[in-house]
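Chemist:
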Amino acid sequence: MQYESWIDRQIREATERGAFDNLPGAGKPLNLDPDEDWWIKAKLAREDLGALLPGPLQLRREVERIQDTLADVTREEVAREILDDLKARIREHYLRPGTGPRIIVRLVDVEAELDAWRCR
Numbered sequence: 027m028q029y030e031s032w033i034d035r036q037i038r039e040a041t042e043r044g045a046f047d048n049l050p051g052a053g054k055p056l057n058l059d060p061d062e063d064w065w066i067k068a069k070l071a072r073e074d075l076g077a078l079l080p081g082p083l084q085l086r087r088e089v090e091r092i093q094d095t096l097a098d099v100t101r102e103e104v105a106r107e108i109l110d111d112l113k114a115r116i117r118e119h120y121l122r123p124g125t126g127p128r129i130i131v132r133l134v135d136v137e138a139e140l141d142a143w144r145c146r
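Each residue of the sequence shown is one higher than the one before, counting from 27 in this note's numbering.
(1) Taking the C-alpha atoms as reference points, what is the distance between Ala-114 and Lys-69?
(2) For the segment 104-120 against the segment 129-139, are there 3 or more C-beta pairs whose distance is under 8 Å?
(3) State buried or exposed for Glu-103, treating a residue as buried only when at least 16 other CB atoms are found within 10 Å of its CB.
(4) Of all the alpha helix (DSSP H) runs that stay within the bounds of the segment 34-63, which reach a length of 4 or more residues?
(5) Can you have a look at Pro-60 and say buried or exposed, based on whether 16 or more other CB atoms are within 10 angstroms of its CB?
(6) Applying the 10 Å Cβ sphere with the 16-neighbour rule, what's the burial state of Glu-107?
(7) Assign Ile-116 to one of three DSSP states: helix, strand, or coil.
(8) Could you give the DSSP three-state label for Thr-100: helix, strand or coil?
(9) Do Leu-140 and Leu-109 come within 8 Å of each other at the CB atom, strictly closer than that value?
(10) So what's Arg-132 in DSSP terms, helix, strand or just coil?
(11) Kindly indicate which three-state DSSP category Gln-84 falls into: helix, strand or coil?
(12) Round the Cβ separation of Ile-116 and Leu-96 to the nearest angstrom and send it over; I've been treating them as touching at under 8 Å.
Below, the structure written as C-alpha cells:
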C-alpha cells in the first residue's frame with residue numbers, strides 16, 4: 027500500500043479530469059532565462075508594458091505616440107481632453123524642481139494634433 031498525500035491526490039484527480047490538457051505552452055520547452063529578473067521581463071512582455079521609464083521619458087513617449095492614442099477616440103471633446111491633460115502634465119514636469127539633469131519634453135500643440143486626428 028502506497029501513501030498518497032493530499033497534494034498528490036489533488037494533482038492526480040486534476041490530471042484525470044483533464045485540467046492540465048491544452049494549457050498554453052504545453053509540449054514546448056521551458057524558456058529559462060539565467061537572469062534573476064526573468065519573471066519581471068516575462069510579465070512586461072506578456073502584458074505588453076514595454077520598458078518602465080522615468081516620468082519625463084514617459085512623457086516623451088506619450089508625445090511621440092499621441093496619434094496612436096487618439097486613433098480609437100471618436101469624439102473631438104474626448105480627444106481635446108486627452109491632449110489638454112498631456113499638455114498639463116508636461117507643464118507640471120517643468121515646474122517641478124529636479125534633482126538630476128533636466129530632460130526636455132516638447133509641448134503638445136493641441137490644435138495641430140487635433141487637425142491631424144481629424145484628417146485620420
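In this text, a Cβ means the ideal position worked out from N, Cα and C, and glycines have one as well. What you are looking at is a predicted structure, and each value in this text was computed from that prediction instead of being measured.
Modeler: From the atom records:
(1) Start at 1 with the first residue of the sequence shown, and residue 114 comes out as number 88. Start at 1 with the first residue of the sequence shown, and residue 69 comes out as number 43. Straight-line spacing of the CA atoms in Ala-114 and Lys-69 works out to 31 Å.
(2) yes
(3) Here residue 103 refers to the residue found at position 77 when the sequence shown is read from its first residue. Classification for Glu-103: exposed.
(4) none
(5) In the sequence shown, residue 60 corresponds to position 34, counting from 1. Pro-60 is exposed by the Cβ-count criterion.
(6) On the sequence shown, residue 107 is found 81 positions in, with the first residue counted as 1. Per the 10 Å Cβ criterion, exposed.
(7) As a first step, residue 116 is located in the sequence shown; it is residue number 90 there, counting from the start. The answer is helix: DSSP assigns Ile-116 an H, G or I state.
(8) If you number the sequence shown from 1, residue 100 lands on position 74. Thr-100 falls in the coil class under three-state DSSP.
(9) Position 83 of the sequence shown holds residue 109. Position 114 of the sequence shown holds residue 140. The answer is yes: Cβ separation under 8 Å.
(10) In the sequence shown, the residue the question calls residue 132 occupies position 106. Coil, per DSSP.
(11) To locate residue 84, count along the sequence shown from 1; it is residue 58. In the three-state reduction of the DSSP assignment, Gln-84 falls in the helix class, which pools H, G and I.
(12) Residue 116 sits at position 90 when you count from the first residue of the sequence shown. Residue 96 sits at position 70 when you count from the first residue of the sequence shown. With a Cβ gap of about 16 Å, Ile-116 and Leu-96 do not count as contacting.
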